[in-house]
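Down below is the structure, laid out as structure tokens.
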Amino acid sequence: MDLQNPEKNPHPPAAPDAIAWDRIDTVLFDMDGTLLDLHFDNRFWRELIPQEYIRCQPDDPECARRRLEDEMQRVRGKLEWYCVDHWTRFTGLDILGLKRELAHHIVLKPHADQVLGALQRAGRQRVLVTNAHPQVYAFKHRLTRIGDRLDTIVSAHDLDCAKEDGSFWERLQRVAPYDPERTLLVDDNLLALASAAGAGIAQLRGMRYPDERGEPMHSEDFELLESLADLLPGLTNPGGVAAT
Numbered sequence: 028m029d030l031q032n033p034e035k036n037p038h039p040p041a042a043p044d045a046i047a048w049d050r051i052d053t054v055l056f057d058m059d060g061t062l063l064d065l066h067f068d069n070r071f072w073r074e075l076i077p078q079e080y081i082r083c084q085p086d087d088p089e090c091a092r093r094r095l096e097d098e099m100q101r102v103r104g105k106l107e108w109y110c111v112d113h114w115t116r117f118t119g120l121d122i123l124g125l126k127r128e129l130a131h132h133i134v135l136k137p138h139a140d141q142v143l144g145a146l147q148r149a150g151r152q153r154v155l156v157t158n159a160h161p162q163v164y165a166f167k168h169r170l171t172r173i174g175d176r177l178d179t180i181v182s183a184h185d186l187d188c189a190k191e192d193g194s195f196w197e198r199l200q201r202v203a204p205y206d207p208e209r210t211l212l213v214d215d216n217l218l219a220l221a222s223a224a225g226a227g228i229a230q231l232r233g234m235r236y237p238d239e240r241g242e243p244m245h246s247e248d249f250e251l252l253e254s255l256a257d258l259l260p261g262l263t264n265p266g267g268v269a270a271t
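Numbering of the sequence shown is given in my numbering, commencing with residue 28 and proceeding in unit increments.
As structure tokens, then:
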């Protein structure tokens, strides 16, 4: 659930450099906005939740709106921001139940299947590192089978630490060991990329279009993929045959 406003940049983006796959053993993938389209989450948190929260407090809708916005600002980037239990308590709403109303928007990003399949054939470890609550992951997995395409699934809630916190990457070593110098992280969350950079992860890529229908992201600090297809050049399987 990365709902940061895209950075504005008047200059056209440069094409991202090809990944040096001979120096990568492990690929860490974010879920929402990276492997799954963020359009669902944007619709859910920007439209449905405010609508339903205000509807339940009709006596002072403007006060309700401000209260929700203030709470979102308070917990942004913290584990609470991604926690179903926190938002259920705060809003009094059935958060998982409401997600079902927009479930038809939960879809894989273009080229996700192709990239994950190529990584499997190339013998690279595919690890999901998501801030999403385990119940949200399970809900989205049932609809997309995203977990079937990955080797390891790690929720920040299992580590009691969001990816924006630099200690996440140290804790990750306990459940999914990796060599930072031979690891690639792909994530649409610029704060998570920054914390990963501080933890020494060698290769970092963001996503230009987390929401396939939304505005593009821009970054001065990180290369952004125009799509997941940008990962394919140079990716080979153990036999040396180029992935297609």
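In this text, a Cβ means the ideal position worked out from N, Cα and C, and glycines have one as well.
Cβ pair residue i, residue j closer than 7 Å
| i | j | result |
| --- | --- | --- |
| residue 63 | residue 80 | no |
| residue 106 | residue 189 | yes |
| residue 212 | residue 191 | no |
| residue 155 | residue 170 | no |
| residue 215 | residue 53 | no |
| residue 26 | residue 252 | Lying before the first or after the last residue shown, residue 26 is absent from the chain, which here runs from 28 to 271. |
| residue 209 | residue 51 | yes |
| residue 162 | residue 111 | yes |
Classification of residue i by the beta-carbon crowding that lies within 10 angstroms, buried from 16 upward
| i | result |
| --- | --- |
| residue 131 | exposed |
| residue 235 | buried |
| residue 256 | exposed |
| residue 206 | exposed |
| residue 35 | Annotation note: pLDDT 41 at residue 35 (below 50); position unreliable, coordinate value reported separately. Exposed, because fewer than 16 other Cβ atoms sit within 10 Å of the Cβ of residue 35. |
| residue 202 | exposed |
| residue 93 | exposed |
| residue 139 | buried |
| residue 68 | buried |
| residue 230 | buried |
| residue 237 | buried |
Residue from the options whose Cα sits closest to the Cα of residue i
| i | options | result |
| --- | --- | --- |
| residue 165 | 200, 133 and 210 | 133 |
| residue 15 | 71, 241, 222 and 262 | The displayed coordinates of the chain run from 28 to 271. Any statement about residue 15 would go beyond what the structure contains. |
| residue 239 | 143, 261, 150 and 136 | 136 |
| residue 58 | 195, 193, 227 and 167 | 167 |
| residue 183 | 142, 230, 83 and 56 | 56 |
| residue 150 | 158, 49, 113 and 71 | 49 |
| residue 119 | 141, 87, 83 and 152 | 83 |
| residue 199 | 98, 172, 157 and 175 | 157 |
First and last residue of the uninterrupted beta strand (DSSP E) at residue i
| i | result |
| --- | --- |
| residue 102 | Here residue 102 belongs to no beta strand (DSSP E); instead the alpha helix (DSSP H) covers 88-102. |
| residue 56 | 53-56 |
| residue 225 | Residue 225 -> not in any beta strand (DSSP E); alpha helix (DSSP H) instead, spanning 217-225. |
| residue 233 | 230-234 |
| residue 152 | 152-157 |
| residue 212 | 210-213 |
| residue 171 | Premise fails: residue 171 lies in the alpha helix (DSSP H), 161-171, not in any beta strand (DSSP E). |
Residue i: CB within 6 Å of a non-hydrogen atom of the ligand FMN
| i | result |
| --- | --- |
| residue 119 | The ligand FMN is not part of this structure, which contains no ligands at all. |
Where the alpha helix (DSSP H) through residue i begins and ends
| i | result |
| --- | --- |
| residue 122 | 122-126 |
Give, in chain order, every unbroken run of the beta strand (DSSP E) that is at least 3 residues long and sits entirely within the region 53-84.
53-56
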